[in-house]
Amino acid sequence: MLNKINDAKEKFLQNIEKVDSAKLLEELRIKFLSRNGIVSMLFEEFKSVPSQEKRAIGQGLNALRQELQAKYEALKTRIESKGKASAPEIDLTLPGRAPAQGTAHLITQTMNEIISIFKKIGFSVITGPEIESDRNNFGALNFPEDHPARDMQDTFFINRDFLLRTHTSPVQVRIMESQEPPVRAIMPGRVYRNEAINSRSYCMFHQIEGLFVDENVTFAELKGTLVHFAKEFYGNNVKYKFRPSYFPFTEPSAEMDITCFICGGKGCRVCKHSGWLEILGCGMVDPNVFTSVGYDPEEITGYAFGMGIERIAMLKHDIKDIRLLFENDVRFLKQF
Amino acid sequence: MKIVLSWLNEFIDLSDISVETITNDLTMAGLEVESVTDYRKMFENFIAAEVVQKEKHPNADKLSVCKVNTGSEILQIVCGAPNVAAGQKVALACEGATVPDTDFVIKKTKLRGELSQGMICSEAELGLSNDHSGIMVLPEGTVAGKPLAEVIGYNDVVFEIGITPNRPDALSHIGVARDLSALYSRPLKKKEITVARSPEKIEDVAAVEIIDKDNCPRYSAVVVRNVTIGESPVWMKNRLKMAGMRPINNIVDITNYIMLELGQPLHAFDLDNLAGKKIIVDRATEGLKFTTLDSVERKLKSSVLMIKDGEKDVAIAGVMGGENSEVVPATKNILIESAYFNATSVRRSARYFGLSTEASYRFERGTNHEGTLYAALRAAELMAEYAGGEVLSGELDIVSPKLELKTTELRFSRIARILGYEIKSEWVLTILKNLGMNIKSADEEKALVEIPGFRPDIEREIDLIEEVARINGYNSIPSVDRVTSPLKSAVDEMELQNKIRNTLIGYGFNEIMNNSLQAEDVSRVFAEPVAVMNPLNAEMSVLRTSLIPGGLATVAHNLHNGEKNLRIFETGHIISKVGDQIKSFDNISEQIAACLTISGKVSEKTWSSEEREFDFHDLKGYLNSLFESTMDINVLRYSYHNEERGIWQYSGEIFAGDHLLCTFGQVKDSYLQKFDIKQVVFSAEIFVNCIKRNLDKVKKYSPVLKYPKIVRDMAFVFDSGVKYGDIADYIRKNSSPLLKSVSLFDRYENPKTLGDGKISLAFTLEFYDNERTLTEEEVEREFSGLINKITKNFNAVLRGN
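As given, the protein sequences belong to chains A and B, one line each in that order.
The working numbering applies: residue 18 is where the first sequence begins, and numbers increase by one.
The working numbering applies: residue 415 is where the second sequence begins, and numbers increase by one.
Here is the structure:
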């Protein structure tokens, strides 16, 4: 009887070797494990085994059934999963169903990139209206009436007292008039200049203004902050310089130049062969501005800076015609 | 402002400093050098040469073959100019020379078979004038072989400097030299007046009277007699040309030359044309006509300051002289005007006449009231030398007692407070002295500084600090990366706009940006627009009252380019007028809006999707989701209009409480026609300020389903006029709190199966209770109750039963 058990096991092991499909597997099951299979037949025979041998043979039979059943199940799982993986029903190379992907305007992207750099170092984001009073846009910012400084910014007028803001600087006036120092904010927004539209100029564009006012703010901090910005935005290796300039609302005033990232400072058409690109204007808030907003210039000092977004975006993305930014051709918009 | 190096060298010795260094140092001191023209380099390989022989070209009628002596060899040059002749001294471009303003390099070549070893140049080819009628012929005595730059007096460098409006002093050679003098700590040289004076006194031949002393605080005049009008010397003409001015005659050239040298505009009157030999400075007579030097007749107004003689107007003060007293070839006697006019007065005159001249440009920025007489005498001296005149003794010089020099206190501690680093006080004082300031007194803490007349921009301590900072160099200011300031939480007023933007981008919208200036007819439909007084053109005459026209313009632009399926949005300011006139900010409504525009297909035919056009419900769906993600939607109320309204064919409105939050709909054809759009467009405008966002409100957890929900479907056939919204509202109002949601799962119209004028709507209702498991019986009761009510109230028939 024990020999028969061993024979059955060996036979099973020989047979299972050749099983590689569901069909052969089923044949194997019928032959060994079905109601009329070899294992059942052996249990049938077991009934007539003398009682003193029953214990040993019973154990052998149970072990055989467990082993064969386990091997059969393992093979069944393998064959079924293999069958699934190789199923020819699904063409996995078909294109995916992608949701439509929108885009932020390039000016928004550039603006938000700049804003986030300053937000991280504690600047608030404050906005103001596009129609401004002559006083907020010019007078309070130390542009005297009938002064050639006003020629620097060709203005769209609404009437004698109101105009389209020519820069975001009037938001400085609004913030300082509405709160006590310290003030630490950037002011993004749209500004207007009465300039003919061509590839290099448009009648409106966007600026980001910055302001930090407190009791002991110095030019050295202005430099530190803007150098931090330039490194974050243009990379750690950027070289920079500050050179004197003139804005009525700051004194001393400066322009910040960085090494031309197009030619790496060797000189090219874009940087007019100077190796430098002008990226922003800045300076220490003029005492007259503090006086007009009701701060005491003896007690309070501060710095301000401003940059044009279109210029920065155009340089960075090699766009040579500013009109592309406002034509809204979706083939252009989807590129960014 | 074009500054000539050799001219600068007359005021400060720069002979050992390279052009590159000067360029960089000027820029870093605030006088930004925009370009440098080095004529020495430009004329490298250009020399003076002598034509020794000229023969006709054997193969070309208009060409000659010349033998040219370069001083060291004889070259053969083929020349096309009609005026070339043997014996002439000419400008020769040798091999390797680059023709100015081009990339053309001269090479040995054959022209129609004849060797040509260079080019004989015209003035135009050299970039000296527009004359290309023939070659440039150099003076007789010119030595062959000499560098051309030297021969023609262009052995020089010109710096083009962008002068900011605060630096009128730098609109002159002496002003630029003064900055260099401070930068290099080198002395500024002054030119002394040494001209001999004729015994005759000026008082005997001329007189000056100032009536408007406020607008003319100083008037200096000098008379030069018996001048001979002719050409200026070559060196002077060259300098004027290099500085960008056209030589006219010796007298006019000298006035211009002194202006470029000292920054003081001068005017030369023909003394014999001044009636009564008299100058009167006074306001114009309203309405009189006056013809200026440019032969334009101009109408005067009484606020304009004029120069008059005993009878008539002779010049617009500070702007331009008149034809009636102009220097002409026959002029013998000159009165030189060197005045100090009020900057604002000149600016207003120049603007009134729309006439900006070299003189008005300088006067309106502020000239040097201390220097008028010196400038007149310098001009007189040159007229004596180069026009053979005699300078009468004495001068007419009327000075208002109000003209005083300003003094300002400078506290040394304040420099560090502003700049963030210390500068030694001795060095501060040296810089100021080198800039021409007069230190009246100084101690350890402060100095009293007298500001010279040529620096009208300096009035306050901060102005002096800037002078010190720029001369000491901004590079020497440290860059501090530490900030000490009280903690204060930062706010972000753009947050909501960004949230809306990012949400829409997530829905596949492309952000656009349009010009805020629009045509009036497309804007007026929405609100009363604010007009610009001085628009660029009629298409851009008002500020946008809505973002929708911009969206439509974008649709039109893209349709034109073949892009027909669009899902675009914009956020920005919309502006309208409140009341009749803009007197204060209350008369301006300026608010943030967001505009969604969709047109064309929402989906294309693909292997797994059917083609479908955008419709009203796509737009409504975007709006629903957008509001859900940005605000508390429980406050929203919708209303719908099937009829035409404003720009809409049909439309909807969304209110938040009482505030209109959004209007949306299909844009009607007649409005689309203005944009030449022939495709259906849906648009929505959201008034962002009305979005009440409870940023601080913390959302509390509400338990997810603990007990099973029971779902029931029901379908009815209605008369087709019925509105889904009405039935859904009815269901909500007429059921117990156990009903948690109603949704529409099918909508079906088919005359064959339902009959004419009928529609089938099928609803899914979900019931549950957070506290317990509902029984089938109670739901069934609720459900069948609803069915009965709907059937009765809406004349409906339950389907499927």
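Ideal Cβ placement from N, Cα and C applies to all residues, glycine included.
* To do: Using a Cβ-Cβ cut-off of less than 8 Å, list which residues of the segment 864-891 of chain B approach chain A; keep chain order.
  => Answer set for the segment 864-891 of chain B: Arg874, Ile876, Asp877, Ile879, Glu880, Ala883, Arg884, Tyr888, Asn889, Ile891.
* To do: Evaluate contact between the segment 499-516 of chain B and the segment 527-538 of chain B, counting only Cβ atoms and requiring at least three cross-stretch pairs below 8 Å.
  => yes
* According to DSSP, is Ala462/B helix, strand or coil? -> The sequence position of residue 462/B within the second sequence is 48, counting from 1. It is a strand residue.
* Asked: Which two residues bound the contiguous alpha helix (DSSP H) that contains Ile829/B?
  -> Position 415 of the second sequence, counting from 1, holds the residue named residue 829/B. Element bounds for Ile829/B: 826-833.
* To do: Give the C-beta separation of Leu50/A and Asn32/A to the nearest angstrom, bearing in mind that I take them to be a contact with Cβ-Cβ under 8 Å.
  => Start at 1 with the first residue of the first sequence, and residue 50/A comes out as number 33. Start at 1 with the first residue of the first sequence, and residue 32/A comes out as number 15. Going by Cβ atoms, the distance from Leu50/A to Asn32/A rounds to 11 Å, so no, they are not a contact pair.
* Asked: Looking at chain B, which residues of the segment 102-126 of chain A have a Cβ within less than 8 Å of any of its Cβ atoms?
  -> Leu111, Pro112, Arg114, Pro116, Ala117, Gln118, Gly119, Thr120, Ala121, His122, Ile124, Thr125
* Any idea what DSSP makes of Asn924/B, helix, strand or coil? -> Counting from one through the second sequence, the residue named residue 924/B turns up at place 510. In this structure, Asn924/B counts as strand in the three-state DSSP scheme.
* To do: Could you tell me which chain B residues have their CB closer than 9 Å to the CB of Leu342/A, listed as they occur along the chain?
  => For the purposes of this step, residue 342/A is taken as the residue at position 325 of the first sequence. Under the 9 Å cutoff, chain B gives Met927.
* **Residues of the segment 223-253 of chain A with Cβ closer than 9 Å to any Cβ of chain B, in chain order** => His223, Phe229, Asp231, Glu232, Asn233, Val234, Thr235, Phe236, Ala237, Glu238, Leu239, Lys240, Gly241, Thr242, Leu243, Val244, His245
* Going by DSSP, what residues sit across from Asn483/B in a beta bridge? -> Taking the first residue of the second sequence as 1, we reach residue 483/B at position 69. Asn483/B is bridged to Glu464/B, Ile488/B.
* Can you tell which of Glu875/B, Glu925/B, Asp935/B has its C-alpha closest to the C-alpha of Leu862/B? -> Locating residue 862/B in the second sequence gives position 448, counting from the first residue. That would be Glu875/B, whose Cα lies nearest to the Cα of Leu862/B.
* Taking Phe250/A as the reference, which of Glu149/A, Glu147/A, Leu297/A has the closest Cα? -> The residue labelled residue 250/A in the question sits at position 233 within the first sequence. Minimum Cα distance to Phe250/A is reached at Leu297/A.
* To do: Anything in chain A within Cβ reach of Ser1022/B, meaning under 7 Å, just list it in chain order.
  => In the second sequence, the residue the question calls residue 1022/B occupies position 608. What Ser1022/B touches in chain A: Arg114.
* Does the beta carbon of Asp313/A sit closer than 9 Å to a beta carbon anywhere in chain B? -> Indexing the first sequence from 1 puts residue 313/A at position 296. Interface residue (Cβ-Cβ distance to chain B less than 9 Å): Asp313/A is not classified as such.
* Taking a Cβ distance cut-off of 9 Å, strictly less, list which residues of the segment 940-954 of chain B are near chain A, in chain order. => Result list: Val944, Ala945, Val946, Met947, Asn948, Pro949, Leu950, Met954.
* Considering Trp398/A, what are the terminal residues of the beta strand (DSSP E) in which it resides? -> Because chain A here runs from 18 to 353, residue 398/A falls outside it and cannot be looked at.
* Asked: In whole angstroms, what is the alpha-carbon distance linking Thr785/B and Ile672/B?
  -> Against the second sequence, residue 785/B aligns to sequence position 371. Against the second sequence, residue 672/B aligns to sequence position 258. Reading off the sequence shown, one finds Gly at residue 785/B, where the question assumed Thr. Distance between the alpha carbons of Gly785/B and Ile672/B is about 12 Å.
* To do: Answer yes or no: do Phe343/A and Tyr219/A have a C-beta to C-beta separation smaller than 9 Å?
  => Numbered from 1 along the first sequence, position 326 holds the residue referred to as residue 343/A. Numbered from 1 along the first sequence, position 202 holds the residue referred to as residue 219/A. Their beta carbons are under 9 Å apart, which means Phe343/A touches Tyr219/A by this criterion.
* To do: Pull up the distance between the alpha-carbon of Ile22/A and that of Ala39/A, whole angstroms please.
  => In the first sequence, the residue the question calls residue 22/A occupies position 5. In the first sequence, the residue the question calls residue 39/A occupies position 22. Taking the straight line from one Cα to the other gives about 26 Å.
* Cβ distance (whole Å) where Thr120/A is taken to contact Glu925/B below 8 Å -> Locating residue 120/A in the first sequence gives position 103, where the first residue counts as 1. Locating residue 925/B in the second sequence gives position 511, where the first residue counts as 1. Between Thr120/A and Glu925/B, the beta carbon gap of about 6 Å places them in contact (Cβ cut-off 8 Å).
* To do: Below 7 Å CB to CB, which residues in the same chain sit around Ser1001/B once its five sequence neighbours on both sides are set aside?
  => For the purposes of this step, residue 1001/B is taken as residue 587 along the second sequence, with counting starting at 1. Going by the sequence as given, residue 1001/B is Asn instead of Ser. Cβ neighbours of Asn1001/B beyond the five flanking positions: Lys991, Val992, Gly993, Gln995.
* **Classification of Phe266/A by the beta-carbon crowding that lies within 10 angstroms, buried from 16 upward** => Residue numbering aside, residue 266/A sits at position 249 when the first sequence is read from its first letter. Its Cβ being crowded by 16 or more others within 10 Å, Phe266/A is buried.
* **Counterpart residues of Lys860/B in DSSP-defined beta bridges** => Sequence index remark: in the second sequence, residue 860/B carries index 446 (1-based). The partner list for Lys860/B (beta bridge, DSSP) reads Arg825/B.
* To do: Report buried or exposed for Arg660/B, applying the criterion of at least 16 other Cβ atoms within 10 angstroms of its Cβ.
  => In the second sequence, counting from the first residue as 1, residue 660/B sits at position 246. With fewer than 16 Cβ atoms within 10 Å of its Cβ, Arg660/B is classed as exposed.
* Run down chain A in chain order and give the residues with a C-beta less than 9 Å from the C-beta of Leu918/B. => Locating residue 918/B in the second sequence gives position 504, counting from the first residue. Residues of chain A passing the Cβ test: Gly119.
* Asked: Just how far apart, CA to CA, sit Asn889/B and Phe259/A?
  -> Position 475 of the second sequence, counted from the start, is the residue given in the question as residue 889/B. Position 242 of the first sequence, counted from the start, is the residue given in the question as residue 259/A. About 7 Å.
* Alpha-carbon spacing of Ile132/A relative to Ile143/A, whole angstroms -> Position 115 of the first sequence, counted from the first residue, corresponds to residue 132/A. Position 126 of the first sequence, counted from the first residue, corresponds to residue 143/A. In a straight line, the C-alpha of Ile132/A is about 11 Å away from that of Ile143/A.
* Opposing strand residues paired with Met673/B [DSSP bridges] -> Residue 673/B sits at position 259 when you count from the first residue of the second sequence. DSSP output for Met673/B lists no bridge partner at all.
* CB contact flag (Ile668/B, Met650/B, <9 Å) -> Within the second sequence, the letter at position 254 stands for residue 668/B. Within the second sequence, the letter at position 236 stands for residue 650/B. Yes, the pair counts as a contact, with Cβ atoms nearer than the cut-off.
* To do: With 9 Å as the threshold, decide whether the Cβ of His1031/B is near any Cβ in chain A.
  => Working through the second sequence from its first residue, we reach residue 1031/B at position 617. Nearest CB-CB separation between His1031/B and chain A: not below the 9 Å threshold.
* Short check: CB of Leu228/A to CB of Met273/A, under 9 Å? -> As a first step, residue 228/A is located in the first sequence; it is residue number 211 there, counting from the start. As a first step, residue 273/A is located in the first sequence; it is residue number 256 there, counting from the start. Against a cut-off of 9 Å, the Cβ pair of Met273/A and Leu228/A comes out as no contact.
* For Phe1041/B, the nearest candidate out of Phe1101/B, Glu434/B, Val498/B (CA to CA) -> Indexing the second sequence from 1 puts residue 1041/B at position 627. When C-alpha distances from Phe1041/B are compared across Phe1101/B, Glu434/B, Val498/B, the shortest belongs to Phe1101/B.
* Asked: Do we get a CB-CB distance below 9 Å when we pair Tyr921/B with the residues of chain A?
  -> Stepping through the second sequence from its first residue, residue 921/B is reached at position 507. Yes, contact with chain A.
* Which two residues bound the contiguous beta strand (DSSP E) that contains Lys416/B? -> Against the second sequence, residue 416/B aligns to sequence position 2. That run of the beta strand (DSSP E) goes 416-418.
* If the cut is a Cβ gap below 8 Å, which residues of chain B does Ile143/A touch? -> In the first sequence, the residue the question calls residue 143/A occupies position 126. Ordered by position in chain B, the residues that pass the 8 Å Cβ test against Ile143/A are Val905, Glu907.
* Boundaries of the beta strand (DSSP E) in which Ser937/B is found, first to last residue -> Taking the first residue of the second sequence as 1, we reach residue 937/B at position 523. Looking at the DSSP string, Ser937/B is not in any beta strand (DSSP E); the run it does join, the alpha helix (DSSP H), is 934-937.
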